[in-house]
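Written below as C-alpha cells is the structure these notes are about.
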Amino acid sequence: MNDDFYHLFQPTTTIVESKLDEDCSNEYDQNVENESVEVEKSNDIFETTTTKSTTNDPLNENDDDPKNIDNFQNDETLPSLTLPSSSTTTASSSTTTVVNVDTTTIPNKSTPQSLLRKQDSEPEDCCIDDTNEPVNQANIIKYLTNHPNAFIINQITDPNTSSSYEINDDFYHLFQPNKHEFQQIFPSELLILLFQRIIESNLPEFSSISTLIRLSQVCEHWRQLIITNSLLWTTIDLSGFSADYRNFPLEQFQYLHLENRLFRSVKHINLSNWNANQAIKILEFFANCSEYNIHSLNISCCPNITVSFFQSIIVYIGNLHSLNISNITSLQQYNSQNPFQTSSFRPLIEQCGQSLRSLFMSENNMLSFHTCFNMVLESCPNLEVLDISNVHSFSTKCSTISIEKFQHYCPNLRILRAANIKFQSTISSFYTDNNVGWPLLEELNIPFHLDYMFSVGHSDQIIERLTKLSKNLKLLNINGSKNLTMNSILQIPTISLQKLSISNCLKMHDTTIGKVFQKWNKSLIDIDISLNKSVASIDECINSICHQSTDNIKLLNIDLHGSAITFESLLRLIVHCGNSLKSINLQSCRSLPRGIKRLFQNEEFQRLKNLLSNGHLL
1 MNDDFYHLFQ PTTTIVESKL DEDCSNEYDQ NVENESVEVE KSNDIFETTT
51 TKSTTNDPLN ENDDDPKNID NFQNDETLPS LTLPSSSTTT ASSSTTTVVN
101 VDTTTIPNKS TPQSLLRKQD SEPEDCCIDD TNEPVNQANI IKYLTNHPNA
151 FIINQITDPN TSSSYEINDD FYHLFQPNKH EFQQIFPSEL LILLFQRIIE
201 SNLPEFSSIS TLIRLSQVCE HWRQLIITNS LLWTTIDLSG FSADYRNFPL
251 EQFQYLHLEN RLFRSVKHIN LSNWNANQAI KILEFFANCS EYNIHSLNIS
301 CCPNITVSFF QSIIVYIGNL HSLNISNITS LQQYNSQNPF QTSSFRPLIE
351 QCGQSLRSLF MSENNMLSFH TCFNMVLESC PNLEVLDISN VHSFSTKCST
401 ISIEKFQHYC PNLRILRAAN IKFQSTISSF YTDNNVGWPL LEELNIPFHL
451 DYMFSVGHSD QIIERLTKLS KNLKLLNING SKNLTMNSIL QIPTISLQKL
501 SISNCLKMHD TTIGKVFQKW NKSLIDIDIS LNKSVASIDE CINSICHQST
551 DNIKLLNIDL HGSAITFESL LRLIVHCGNS LKSINLQSCR SLPRGIKRLF
601 QNEEFQRLKN LLSNGHLL
C-alpha cells in the first residue's frame, strides 16, 4: 500500500483476489521477479503469448507457487469457444472464429498482485483493448461491455472429449443439467457481474433471455449461477419467442421460481407479437412472482387484445413507468371488444397515470381518439415520451389535437412522435401564458405521408407554437408539410439540432433553404432533403453545408433520393464532407449518371468517394 495517485485511476482487484485465495502472501512479489513474462498484443480476444515455465502441471499441489502461473495457460480443462469474428456487426452473420481462452490475460487464484498492476517494465501493448491499461478482471469486464459481440457464443469445443456442440436458444438448456464442465477462473460474484454487463450491452437481436440461455450452455457451473440468481432476471424479454408461443415451458419456469425464487426481481416484461390469450398467462405469472412493481410492459403487436386484457393489467401490475400498447387493434374491433373504449382504457390510464413516463400507443384504431387522448392528458402529468403516430378514430383517418392544452397538461415532454396527427392552435385566455411550452423537448417527429387525407401537413404557426421554448431540440422531422416555409424553422431556439428531415416540403424548394443549414451546419449529423426538385435549392443546401471547415463537419448521413442534385454538387459534397460521411442515398436522382443512383453505406461509400476523388465513375 502506498500514496501513489495511480491507484485512483486504475481498477483494483484486491477484493476479487481475497475471495480467490485468502492465504496470498507478500512472497509473491519476491518470487515473481524471477519470472520472465512477455505479452504481445493480438487481434483476437484474450489471445496472448507468454514464456513457459519449467513446471508442466497447472494443477500442482503447490498452487500458490508463482512458477505455475505461466503453465496455467496450457490447462486442457479450458474449453474452446467459437465466437463471431471481430469484424462481425450483426448476430446473424455466419462468420465465426475459434478463440482459445488464454489465461495469461485472466488472473487466476495464483496470480500475484504485481502482475495485476501496471509496472514501469511492463510492455505498453499489454492490454486486451486499444488502450494502455493492464490486463485484469476489471478490464476484461470493460472489454466485454464495450464489445457485446465478443461473448455471443455459437459453438463450444469440450477439451475433455474434443467434440463440439452448437449453442442455440432452446429453453431446454435451462432446465437440464449441463454435462460439460471445466475449471473455473472467475469467482461466482465476478461471473454474475460479468453476465449482467453482457445483458446490458447486448445486441438488439439478442434478448436478455436468449443471452442467458446461451451462457448456460457453456458449463454446468454457469447454468447453476444463471438459474439461482434473480438479479439476472430483472428483464423478461420474450419477444423473440412469439412464433412458438404454444410451446412455452411455463410449468418449468414455475418450478425454477419455486426452487430459487428466481423471478422475484422482475421489473420489465416484453411480450410483443405474442398471442393475447397466451400473453396474459405469462404476464400474470411473472407479475405474481415479482416482489417489486413492474416498471415497464410491452405488449405491442399482440393481435386481438381485448377489454379483459386491460383489466388484467390493472389487477396484476401497479404503477408502470413505461407502457407500450402500439398496434394491438384491428379494423374489425369497432365494437365493445375494442380495448380503447372508456370503460377499459380510463381505469388503466388512471391507475398508471401519475407514475407513467413513457406511453406508446401508435398504429391503433380507436372508437374515439379525442376521448382517449383527453384521458391521457388529464391522468399523465409526468409524461416524457409519447408516441401517437398513425392513431385515428374509425370515423376519421387523421386525428386533431390542441397544442396549448397538450403543452399545459404535459409540460415535461422530451420526445413526441405524432406522424399523421394534425395539430391546431386554440388560443384562449386559459392558455395565453407565454411560459407554456416544452422546454425539455429533444425530439419532434411529426411527418405527414402522401396517402393521408390531410397531406398538406403543418403550417408555420403550428411549428412555432410547438417549438417556441424548445432550446434542447435535437431531432426535427416535418416531412410532407407542403405549406411550411423557412421562417418557422429559423425561429426554433435550439442551436444544437442534430437530425433534420424536410423531405417533400414544397415551399422550401428555393434558395432560402440555405439559411437553415447555415444555422446548424456545426451540429447536424443526419439530413433528409429528399424529393427536392429544385436544382438551385439543392445547390444552396450543399454550399451551406460545405461552408463549414472540414474539421468542424459532423455530418454522417444525408438522404438525397429523388432530388435534383447535380454531379458537380455531389462531387463537392463528397470531397468536402467525405471524412465524416458514412451514408448517402442517391436513389432516383435523375441528374446523376448511371451506376451511382443508389444507396451508398460504409465501405461502398468509401469506394464511391475514392472513385469520384480520382475523377472516375463506377
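Okay, so the sequence shown: first residue is 1 according to UniProt numbering, each after it adds one. C-beta atoms are modelled at their ideal positions from N, C-alpha and C, and glycine is treated no differently.
Could you name the residues of the same chain whose beta carbon sits closer than 7 Å to that of residue i, not counting the 5 residues immediately before and after it, in chain order?
i, result
"residue 481", "448, 457, 458, 505"
"residue 177", "220"
"residue 613", "575"
"residue 207", "237, 239, 240"
"residue 521", "544, 545, 547, 548"
"residue 550", "576, 579"
In terms of residues, what are the limits of the beta strand (DSSP E) holding residue i?
i, result
"residue 574", "Per DSSP, residue 574 belongs to no beta strand (DSSP E); it is in the alpha helix (DSSP H), 567-577."
"residue 436", "Premise fails: residue 436 is in no beta strand (DSSP E) and is neither H nor E."
"residue 498", "Residue 498 -> no beta strand (DSSP E), and no H or E assigned at all."
"residue 512", "Unbroken run through residue 512: none, as it is neither H nor E."
"residue 424", "422-424"
"residue 197", "No beta strand (DSSP E) holds residue 197; the alpha helix (DSSP H) holding it covers 188-200."
"residue 268", "268-270"
"residue 343", "No beta strand (DSSP E) holds residue 343; the alpha helix (DSSP H) holding it covers 342-352."
"residue 275", "That residue, residue 275, is in no beta strand (DSSP E); it is neither H nor E in DSSP."
Give me, in chain order, the residues of the same chain whose beta-carbon lies closer than 8 Å to that of residue i; leave out the 5 immediate sequence neighbours on both sides.
i, result
"residue 265", "230, 231, 233, 234, 290, 291, 292"
"residue 226", "174, 195, 212, 215, 216, 232"
"residue 170", "213"
"residue 587", "561, 562, 597, 598, 599"
Which term fits residue i, buried or exposed, when burial requires 16 or more other beta carbons within 10 angstroms of its beta carbon?
i, result
"residue 547", "exposed"
"residue 370", "exposed"
"residue 540", "buried"
"residue 495", "exposed"
"residue 261", "exposed"
"residue 110", "Residue confidence is low: residue 110 scores 34 on pLDDT, short of 50, so the model does not pin down where it sits. Its coordinate-derived value is still stated next. Flag for residue 110 reads buried."
"residue 595", "exposed"
"residue 339", "buried"
"residue 270", "buried"
"residue 258", "exposed"
"residue 348", "buried"
"residue 497", "buried"
"residue 243", "exposed"
Contact check, residue i vs residue j under 8 Å by CB: the rounded distance?
i, j, result
"residue 599", "residue 585", "5 Å"
"residue 510", "residue 488", "So it is not a contact: roughly 15 Å between Cβ atoms."
"residue 473", "residue 492", "6 Å"
"residue 355", "residue 319", "4 Å"
"residue 464", "residue 415", "Rounded, the Cβ-Cβ distance is 20 Å, inconsistent with contact."
"residue 285", "residue 310", "Not a contact, Cβ separation roughly 18 Å."
"residue 542", "residue 572", "6 Å"
"residue 294", "residue 280", "That belief does not hold up - the Cβ atoms of residue 294 and residue 280 are roughly 14 Å apart, past 8 Å."
"residue 326", "residue 368", "That pair is no contact at about 18 Å."
Compute the Euclidean distance between the alpha carbons of residue i and residue j, then round it to the nearest angstrom.
i, j, result
"residue 386", "residue 597", "37 Å"
"residue 34", "residue 179", "Any reading at residue 34 must be qualified, since the residue scores a pLDDT of 42, below 50, and its modelled position is unreliable; the value itself is stated next. Rounded to whole angstroms, residue 34 to residue 179 spans 40 Å at the Cα level."
"residue 466", "residue 403", "7 Å"
"residue 133", "residue 553", "The pLDDT assigned to residue 133 is 44, lower than 50, so where the model puts this residue is not dependable, and the model offers no usable value."
"residue 120", "residue 582", "For residue 120, the predicted model reports a pLDDT of 35, less than 50, meaning its position is unreliable; a value from the coordinates is still stated below. Looking at the two C-alpha atoms, the distance is approximately 41 Å."
"residue 377", "residue 417", "15 Å"
"residue 222", "residue 185", "12 Å"
"residue 644", "residue 390", "No information on residue 644 is available, as it lies outside the stretch 1 to 618 that the chain covers here."
"residue 255", "residue 224", "14 Å"
"residue 536", "residue 410", "41 Å"
"residue 296", "residue 507", "42 Å"
"residue 515", "residue 601", "28 Å"
"residue 500", "residue 282", "41 Å"
"residue 590", "residue 565", "8 Å"
"residue 604", "residue 610", "10 Å"
"residue 298", "residue 419", "21 Å"
"residue 323", "residue 408", "22 Å"
"residue 468", "residue 461", "10 Å"
"residue 423", "residue 399", "8 Å"
To which residues of the same chain is residue i closer than 6 Å at the C-beta, ignoring the five residues directly before and after it?
i, result
"residue 350", "379"
"residue 443", "415, 475"
"residue 503", "479, 528, 530, 531"
"residue 304", "276"
Specify, as a first and last residue, the run of the alpha helix (DSSP H) that residue i falls within.
i, result
"residue 467", "460-467"
"residue 612", "603-613"
"residue 387", "Note, residue 387: premise wrong, no alpha helix (DSSP H); beta strand (DSSP E) at 385-387."
"residue 221", "220-226"
"residue 214", "208-216"
"residue 406", "403-409"
With respect to 8 Å, is the separation between the Cβ of residue i and the closest non-hydrogen atom of the ligand GTP below this value?
i, result
"residue 446", "No copy of the ligand GTP appears in this structure; indeed no ligand is present at all."
Closest Cβ-Cβ distance between residue i and chain D: below 9 Å?
i, result
"residue 237", "Given the protein chain composition of this structure (a single chain), no chain D is represented."
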